[in-house]
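Worksheet: the structure to be examined is printed underneath.
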Amino acid sequence: MKKMYFKKLAILLFVLFFTPVYSTLKSKPKPKERRRYSLEKMRQIRELRNLAHQTDFILALCRIREERFDKK
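Adding 245 to a residue's 1-based position in the sequence shown gives its number in this note's numbering.
What follows is the structure, encoded as structure tokens:
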């Protein structure tokens with residue numbers, strides 16, 4: 246009775262712990278993705294994004310100022 250219990254436990258542990266290890270070893274390494282944009286294009290995108298955040302901030306300040314003015 247005890248032998249069957251330990252055998253089932255051993256099989257269960259083997260399946261639980263070694264299956265994910267085997268699958269990660271078996272999986273092929275992914276090729277490095279090609280850069281979609283050139284560094285110059287990335288810099289331009291970053292500048293435009295920063296500008297958009299700044300304009301959003303300025304518009305939010307104007308909206309707050311208008312709301313305060315409307316309350317008075």
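Where is the CB? At the ideal position from N, CA and C, for every residue including glycine.
According to DSSP, simplified to helix, strand and coil, what is Y282?
Coil at Y282, not helix or strand.
Through-space distance from L293 to Q299, alpha-carbon basis
Going from the Cα of Q299 to the Cα of L293 covers about 10 Å.
Consult DSSP for S268 and reduce its assignment to one of helix, strand or coil.
Helix.
Residues in the same chain with beta-carbon distance under 8 Å from R288, minus the five sequence neighbours each way, listed in chain order, please.
The same chain holds no residue with a CB closer than 8 Å to that of R288 once the five nearest residues on each side in sequence are set aside.
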